[in-house]
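See below for the structure under consideration.
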Amino acid sequence: MKMSRRTFLKTGGVLIVVVAGGGVYRAADQGVFSSGQGLAYEPWKDWRDATTSSERIVGAGILAANPHNSQPWHFRISEQAVDLYADYTRQIGVIDPVQREMHIGLGCAVENMTLAAQAEGFTVEVSLLPDGTDPQHVAHLALAAGQSQVSDLYNAIPNRHTNRSPYDLTRTVAPDMLASLAALSDDDAVQVFWYADVAAKDKFGTYELAAAEALIADEQQSIDSNHWWRQGWADLQAHRDGITIDAQSFDSLLDMAAKMLPDQSRQQGDAVFVQNTRDIYISTASAFGLIAVHDQKDNVQRMHAGQLWQRMHLWATVHELGMQPLNQMCERADRERQQRIDPVFGRALRDLTGSDDWQGIMPFRLGYPTRTGLASPRRSIQEVLL
Ligand SMILES: Cc1cc2nc3c(=O)[nH]c(=O)nc-3n(C[C@H](O)[C@H](O)[C@H](O)COP(=O)(O)O)c2cc1C
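Read in our numbering, the sequence shown has 890 at position 233, and its numbers run on one by one without any break.
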């Protein structure tokens, strides 16, 4: 997302000299040999180890997908319930000016926690925005004694990672797989639209590339996005959030080069993001999808969309598919509304669903990945408990 494939591949030869010349210290400092290790990655390994059921349910919640890995959540637990709260201090600025993505991410956490509560032996009743007077209190999960249901989706929780690698152009995701993914929606008011034939993919890809270009041309959006970029190993271990080099799924040489070289500027990162959007995310997608709801301003509907995204991504993980959200069209449409400017991407999204009644809020790509998706850092259960 942020690295220049071309730049780092060109530096491959230099890199070997640097390592041989003693740069091995920088390599170690930068976590070149430590992918997925350190405290920032412990939550992926010890998510089932906490003492109480409620803590273990939170341990599943914090592994959910969420915008820019901002982890915009707090949890309050008792023996009978887990309550989820939005943490507005972790909002990603004008990338998400109306907290659409934040609520989708909170819905993702609800989905993981529901699966974990069922595995823990509870019958779960989920209430979204249960307190009309407190918009920060976004979900209440009431836990009652029941029978343990350990699902494939639950077991996939620690293996699900956003996959930004090229997808295999020789393998098409079969139409019945797309149908199975869309059928995971248990709510008539949340629907998946697919763009799988050449013409539909072309239309989606053209809009997505234009949105990525418009996003980096908006200085404040560029600054707010860059704020969550963690190029340094110490930085990511300290913050335990944000977007990392490992999460880009580069090939191993490029990954090493990206870690060894000095931090790149915001402008370089933006250029690489557009390049990867064009040459990897769009060019290698087997299909694109768009989760849509009837009212994209409604936080409950946004959370329903998040629950579905997380469920689909877990299902995809079980079936060895890669998935990656591509939210630039929606990020631009939200920004257009905020700035009261020409709704270029509002119209694009309307064009993609073909109806005012279905409003797209979560665009993405999928396919068979050529490289493994790696874990992103997470804050611990203790850090997010109220
Ligand atoms: C609402 C939402 C929007 C997202 N938008 C993007 C996106 O535009 N591009 C991208 O590469 N990842 C996107 N992601 C993925 C997150 O960056 C990812 O979930 C987060 O970094 C944590 O990593 P993980 O999913 O591998 O655990 C989005 C996720 C959510 C929930």
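The beta carbon of each residue, even a glycine, is placed where N, CA and C say it ideally should be.
Judged by the Cβ position, S1033 qualifies as a neighbour of ligand 1 at the 8 Å threshold, a heavy atom of the ligand being closer than this. For A891 and R705, the gap between their C-alpha atoms comes out near 26 Å. Under the DSSP definition of a beta bridge, I948 partners with V849, M1019. The continuous stretches of beta strand (DSSP E) do not include W966, which lies in the alpha helix (DSSP H) extending over residues 956 to 975.
Closest by C-alpha distance to I752, out of T863, L1006, E988, is E988.
For E870, no beta strand (DSSP E) encloses it; the enclosing alpha helix (DSSP H) starts and ends at 855 to 874.
About 5 Å separates the Cβ atoms of P1026 and S822, confirming a contact at the 8 Å cut-off. Judged by the Cβ position, P700 fails to qualify as a neighbour of ligand 1 at the 8 Å threshold, every heavy atom of the ligand being at least this far. Taking a contact to require three or more Cβ pairs closer than 8 Å, the segment 1003 to 1022 and the segment 953 to 968 qualify as touching. S710 places its beta carbon 9 Å or farther from that of L835. Contact between the segment 786 to 795 and the segment 980 to 996 is not established, with fewer than three Cβ pairs separated by less than 8 Å. Its chain contains S879, D927, F930, V931 as the residues whose beta carbon lies nearer than 7 Å to that of I873, once the 5 sequence neighbours on both sides are disregarded; these appear in chain order. For E736, there is no enclosing beta strand (DSSP E), as DSSP marks it with neither H nor E. Taking 8 Å as the cut-off, one finds no heavy atom of ligand 1 near enough to the beta carbon of W851.
Annotated three-state conformation of Y824 is strand, per DSSP. In terms of CA proximity to D833, A973 leads the group Q995, A973, P1020, S1037. Relative to ligand 1, the beta carbon of R1028 is positioned no closer than 8 Å to any heavy atom. In the three-state reduction of the DSSP assignment, I939 falls in the helix class, which pools H, G and I.
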